[in-house]
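> Mapping of the sequence shown onto full-length UniProt numbering: residues 1 to 238, in sequence order.
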Amino acid sequence: MDGNSRPVLELSDVHKRYNIGLPNEAEVLHGINLRIAPGEFVALVGPSGSGKSTLLNIVGLLERMTSGSYRLQGEEVGGLDDAELTRRRRQTLGFVFQFHHLLPAFTALENVTLPALMAHGRVSARERQRACELLAAVGLADALHKRPAQLSGGMQQRVAIARALVQQPPLVLADEPTGNLDTASSDEVFAHLRRMHQELGTSFVIVTHDPRLAARCDRVVELIDGTIASDTTQVATR
Numbered sequence: 001m002d003g004n005s006r007p008v009l010e011l012s013d014v015h016k017r018y019n020i021g022l023p024n025e026a027e028v029l030h031g032i033n034l035r036i037a038p039g040e041f042v043a044l045v046g047p048s049g050s051g052k053s054t055l056l057n058i059v060g061l062l063e064r065m066t067s068g069s070y071r072l073q074g075e076e077v078g079g080l081d082d083a084e085l086t087r088r089r090r091q092t093l094g095f096v097f098q099f100h101h102l103l104p105a106f107t108a109l110e111n112v113t114l115p116a117l118m119a120h121g122r123v124s125a126r127e128r129q130r131a132c133e134l135l136a137a138v139g140l141a142d143a144l145h146k147r148p149a150q151l152s153g154g155m156q157q158r159v160a161i162a163r164a165l166v167q168q169p170p171l172v173l174a175d176e177p178t179g180n181l182d183t184a185s186s187d188e189v190f191a192h193l194r195r196m197h198q199e200l201g202t203s204f205v206i207v208t209h210d211p212r213l214a215a216r217c218d219r220v221v222e223l224i225d226g227t228i229a230s231d232t233t234q235v236a237t238r
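#1: Mapping the DSSP letters down to three states, classify Ala-229 as helix, strand or coil.
#2: Hey, could you find the ends of the beta strand (DSSP E) Pro-12 is sitting in?
#3: Starting from Asn-33, follow the beta strand (DSSP E) in both directions and report where the run begins and ends.
#4: Would you identify the three-state DSSP class for Gly-39, choosing helix, strand or coil?
#5: Rounding to the nearest angstrom, what Cα-Cα distance links Leu-44 and Leu-181 in this structure?
#6: Using the C-alpha atoms, what's the distance from Ala-37 back to Asp-2?
#7: Per DSSP, what kind of secondary structure is Ser-186 in: helix, strand or coil?
#8: Verify whether the separation of the beta carbon atoms of residue 253 and Gly-154 is less than 9 Å.
#9: Does the stretch 114-130 touch the stretch 58-73, meaning 3 or more C-beta pairs lie closer than 8 Å?
#10: Just mark Glu-40 as buried or exposed, buried being the case when its beta carbon has 16 or more other beta carbons within 10 Å.
#11: DSSP on Asp-81, reduced to helix/strand/coil?
#12: Which term fits Gly-94, buried or exposed, when burial requires 16 or more other beta carbons within 10 angstroms of its beta carbon?
#13: Does DSSP put Gly-68 in a helix, a strand or coil?
#14: Go ahead and label Val-189 buried or exposed: buried means 16 or more other beta carbons lie within 10 angstroms of its beta carbon, across all protein chains shown.
#15: Quick check: what's the CA-CA separation for Asp-13 versus Ala-141?
#16: Cα separation between Glu-10 and Lys-146?
#17: Around the C-beta of Ile-20, are 16 or more other C-beta atoms found within 10 angstroms, so that it is buried, or is it exposed?
#18: Go through the stretch 89-137 residue by residue and report every complete run of the beta strand (DSSP E) that reaches 3 residues or more, in order.
#19: What is the residue span of the alpha helix (DSSP H) that Arg-216 lies within?
#20: Which ranges does the beta strand (DSSP E) cover as unbroken runs of at least 3 residues, wholly within the stretch 144-181, from first to last along the chain?
#21: So, at 6 Å on beta carbons, what are the nonlocal neighbours of Thr-232 in its own chain, with the 5 sequence-adjacent residues on each side left out?
#22: Can you list, in chain order, the residues of its chain whose CB lies under 6 Å from that of Ile-206, leaving out five sequence neighbours each side?
#23: Rounded to the nearest angstrom, what separates Gly-68 and Gly-31 at their Cα positions?
#24: Take the Cβ of Arg-6 as the centre, count every other Cβ of all protein chains shown within 10 Å, and call the residue buried at 16 or more, exposed below.
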């Protein structure tokens, strides 16, 4: 990372404990230190139970750390109240999940503009146009007015990618975004993620169990037993 470049996110000595003070108290994350630079395309890997989902939830402002520091775009967010965390999440982060979570009664275009509607109470002409452009960019220009049931699993996940990017967030978090797809659809969806990253310069953190997809990222962070076991920059395969 360029020494003059402010990280998109910076975690310092982050711990997460559950059931604090109870006999079954458990610490899931043990002093995580992680920096993500603008424009990085990072895979987060590790076995089940290693703490990946907990870490992603903390980064996504969906769960609070027990102790440590979390700076998002240079600002400490650990002490913010719930309303402010929600605002920062909407403004700063995009999400792609294993299951697309599209609203079945909404068209593809309406699903993509949903974050703007939630943030502002309305969708501007500019936001609607951007949603159309993003759907075209992921190969769905002819599916704007189709509902999820009319789309394949891979197409639905491409709608979810467009939705994650419509607010132009500096960071997108993707939790097993191809985990529910067959190999061909998985490769297609991942190719769209990679291309959108290259075109927009958005930072991506992608949780994956698929070593083929991890090999196509620029950096691989391996989490084992709640600690970062390795952090490797690599020449991504295409």
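From the three backbone atoms N, C-alpha and C, an ideal C-beta is built for every residue, glycine too. Computed from a prediction, not measured in an experiment: that's the story for all the values here.
To lay it out plainly:
#1: strand
#2: According to the sequence provided, residue 12 is Ser. The question's Pro does not apply to it. It spans 9-18 - the beta strand (DSSP E) in which Ser-12 sits, taken as one unbroken run.
#3: 26-36
#4: coil
#5: 19 Å
#6: Below a pLDDT of 50, predicted positions are generally treated as unreliable, and Asp-2, at 46, falls in that range; the measurement from the model is reported next regardless. Their backbone Cα atoms lie some 8 Å apart in a straight line.
#7: Three-state result, Ser-186: helix.
#8: Given a span of 1 to 238 for the chain in the structure shown, any question on residue 253 remains unanswerable.
#9: no
#10: buried
#11: coil
#12: buried
#13: In this structure, Gly-68 counts as strand in the three-state DSSP scheme.
#14: buried
#15: 45 Å
#16: Each residue's Cα considered, the two are about 40 Å apart.
#17: Exposed is the call here.
#18: 93-96
#19: No alpha helix (DSSP H) holds Arg-216; DSSP gives it neither H nor E.
#20: 171-175
#21: Val-220
#22: Ala-43, Ala-174
#23: Answer to the nearest angstrom: the Cα atoms are 8 Å apart.
#24: So Arg-6 counts as exposed.
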